[in-house]
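Here the structure comes first, spelled out in structure tokens, and everything after it is commentary.
Protein chains in written order, with my numbering: chain A, 282 to 530; chain B, 51 to 326.
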């Protein structure tokens, strides 16, 4: 390792691990290091604030700053693109003792991450239903579909969709936490991200396809979740809404 | 041949608070610049940028590639940048001469590199790789630094000049950064300027710093300071008119404040055209 490579690696550690004292051997001016440390802290906190506005509203501005600071200590950035930072915030909240009194918070955060990813996701041509006409119907049950990058299904034992919608600008919050879980579908239409609750059958189908299960198995899970689930209508809706990007046999 | 095909007039940095106003009212702006990473991938941001690019000359300015990192550039980041450049085909693409990652971690900032022969060889190969991937020449920007590698063998201007010679890249001269380094680090501003090959300078940045503890901080949160205007006028008198950007990224003021700053730069550019 050359002195230059070592210096770069050590400078990054000194900026990110703020509890460390500056090493005199790096020859750094403390006022200069302080500028970078401040940029680092503020930059990551700002990023989390932008991605998680509903979480922030629920816990309050000041508490959110504390959560973001703690998260940024535990989770380093892994990309030069800050829009990629913060994806594990939901997992962090699930295990972070001070927010255990808000057991739905982690699921809300995971929904917000899905919204964020959907907004920036790459543009893809949705799979047209007609492409299936070349496939032997005997093989339909073996098809594995992929959802577009802007679509994501999530399952929660809390009413996360109602909570999320109640915190959107101009909405009033009217949620019964005891009402049970909600299944969310995040999708994007003409650039606009929507979050919608799904019935049990459709939710099970989406989650199974998202997990890479073949259509036959996914349909079985959907029917198990909702015995009057109409598979044909459900599939037609996936194509009509442009939620699928490709398939594999 | 100049290394960018932006017009040699003033432009502004286009940021989120002004997207709507600019697209709805199409105010007279010489050109605009955006941060590349905000438009990676797709969706509404990319669609909006394509509309902006249909009305104004557009410069893509990267803040996250970290070409000066002595480990390899991030292939995923470079691929995303390439998709964006291909989608927009802008008159200018720029990056900073800075680093942001090691093999272990990223810090999303513009960190100063060691100005040594050893790092020159590595960073020149990163510039080559980037220009080959994008299929075009890029502009590299000088930095505002708050710390320095203790073993520097040359100044930033000499380092940039060598990169130009080895890779054919162009330069983006940030006059505020240079000014701030002069105060913070005691950098010899005139020595850096005289080292830069004038014909390679394809764009200029102007911004306002703020005063931190014992440091001028390049926050892009203020009007351009008088000392920076003075240095800018000297540069333009010496190298001739260049596309000049007003950058403002924090406490962003109304659009007309940015336009008024751009008008000041235009007056200096106009003066240089008369003198020429």
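All C-beta atoms, glycine included, are put in the ideal place defined by N, C-alpha and C.
Residue closest to residue i, alpha-carbon to alpha-carbon, out of the options
i	options	result
residue 402 of chain A	B:259, B:67, B:76 and B:94	B:94
residue 321 of chain A	A:354, A:500 and A:490	A:354
residue 279 of chain B	B:101, B:301, B:295 and B:256	B:256
residue 64 of chain B	B:313, B:304, B:319 and B:215	B:304
residue 83 of chain B	B:282, B:295 and B:318	B:295
residue 357 of chain A	B:99, B:158, B:96 and B:131	B:158
residue 116 of chain B	B:172, B:185 and B:262	B:172
residue 339 of chain A	A:486, A:385 and A:284	A:385
residue 205 of chain B	B:217, B:80 and B:170	B:170
residue 486 of chain A	A:480, A:493, A:499 and A:492	A:499
residue 58 of chain B	B:80, B:202, B:156 and B:264	B:80
residue 480 of chain A	A:311, A:507, A:428 and A:383	A:507
residue 137 of chain B	B:123, B:153, B:100 and B:164	B:100
residue 244 of chain B	B:73, B:208, B:143 and B:66	B:208
residue 531 of chain A	A:301, A:460, A:404 and A:410	Outside the modelled stretch of chain A, which goes from 282 to 530, sits residue 531 of chain A, for which no answer is possible.
residue 167 of chain B	B:74, B:120 and B:298	B:120
residue 261 of chain B	B:286, B:233 and B:302	B:233
residue 277 of chain B	B:133, B:297 and B:228	B:228
Own chain partners of residue i with C-beta closer than 6 Å, once the 5 adjacent residues on each side are dropped
i	result
residue 525 of chain A	408, 426 and 519
residue 456 of chain A	440, 443, 444 and 447
residue 22 of chain B	With chain B running from 51 to 326 in the structure shown, residue 22 of chain B is simply not present.
residue 387 of chain A	371, 374 and 375
residue 433 of chain A	395 and 467
Cβ shell of residue i (< 7 Å), same chain only, five flanking positions each side left out
i	result
residue 51 of chain B	The pLDDT assigned to residue 51 of chain B is 47, lower than 50, so where the model puts this residue is not dependable, and the model offers no usable value.
residue 259 of chain B	226, 230, 266, 267, 268, 269, 272 and 275
residue 235 of chain B	195 and 198
residue 463 of chain A	437, 440, 441, 442, 443 and 478
residue 323 of chain B	291
residue 390 of chain A	333, 336, 370, 371 and 374
residue 130 of chain B	90 and 91
residue 71 of chain B	305
residue 10 of chain B	Examination of residue 10 of chain B is not possible in this model, given that chain B is present from 51 through 326 alone.
residue 475 of chain A	468
residue 329 of chain A	349, 352, 367 and 370
residue 364 of chain A	401
residue 493 of chain A	425
Per-residue burial, residue i [other beta carbons within 10 Å of its own, 16 or more giving buried]
i	result
residue 451 of chain A	exposed
residue 151 of chain B	buried
residue 195 of chain B	buried
residue 289 of chain A	buried
residue 416 of chain A	exposed
residue 345 of chain A	buried
residue 483 of chain A	buried
residue 359 of chain A	exposed
residue 250 of chain B	buried
residue 298 of chain A	exposed
residue 139 of chain B	exposed
residue 318 of chain A	buried
residue 414 of chain A	exposed
residue 104 of chain B	exposed
residue 323 of chain A	exposed
residue 292 of chain A	buried
Neighbourhood of residue i by C-beta distance below 8 Å, restricted to the same chain and skipping five residues each side
i	result
residue 454 of chain A	444, 447 and 448
residue 377 of chain A	348 and 351
residue 423 of chain A	495, 496, 497 and 530
residue 504 of chain A	482, 510 and 512
residue 289 of chain B	248 and 251
residue 141 of chain B	54, 55, 56, 81, 107, 108 and 109
residue 517 of chain A	410
residue 491 of chain A	428, 433 and 434
residue 407 of chain B	The requested residue 407 of chain B is not part of the displayed model; chain B covers only 51 to 326.
Presumed contact (8 Å Cβ cut-off) between residue i and residue j, rounded CB distance
i	j	result
residue 148 of chain B	residue 112 of chain B	Between residue 112 of chain B and residue 148 of chain B the Cβ distance is about 10 Å, and since that is not below 8 Å, they are no contact.
residue 179 of chain B	residue 222 of chain B	That belief does not hold up - the Cβ atoms of residue 179 of chain B and residue 222 of chain B are roughly 19 Å apart, past 8 Å.
residue 160 of chain B	residue 177 of chain B	Incorrect: roughly 16 Å between the Cβ atoms, too far for contact.
residue 435 of chain A	residue 489 of chain A	Incorrect: roughly 13 Å between the Cβ atoms, too far for contact.
residue 219 of chain B	residue 181 of chain B	7 Å
residue 309 of chain B	residue 162 of chain B	Rounded, the Cβ-Cβ distance is 33 Å, inconsistent with contact.
residue 314 of chain A	residue 295 of chain A	6 Å
residue 308 of chain A	residue 164 of chain B	With a Cβ gap of about 11 Å, residue 308 of chain A and residue 164 of chain B do not count as contacting.
residue 60 of chain B	residue 319 of chain B	7 Å
residue 186 of chain B	residue 143 of chain B	6 Å
heavy atom of the ligand NAP below 8 Å from residue i C-beta
i	result
residue 486 of chain A	What this structure holds is no ligand at all, so the ligand NAP is not there to describe.
Secondary structure, alpha helix (DSSP H): runs of 4+ residues fully inside the region 410 to 467 of chain A: Uninterrupted alpha helix (DSSP H) stretches at least 4 residues long and entirely within the region 410 to 467 of chain A occur at 441 to 447, given in chain order.
Length at least 4, wholly inside the region 212 to 275 of chain B: the alpha helix (DSSP H) runs in chain order: Runs of the alpha helix (DSSP H) inside the region 212 to 275 of chain B: 225 to 234 and 239 to 245.
Minimum length 3: unbroken beta strand (DSSP E) runs contained in the region 122 to 170 of chain B: With a minimum length of 3 residues, the continuous beta strand (DSSP E) runs that stay inside the region 122 to 170 of chain B are 142 to 146, 149 to 151 and 156 to 161.
Secondary structure, beta strand (DSSP E): runs of 3+ residues fully inside the region 271 to 319 of chain B: With a minimum length of 3 residues, the continuous beta strand (DSSP E) runs that stay inside the region 271 to 319 of chain B are 294 to 296.
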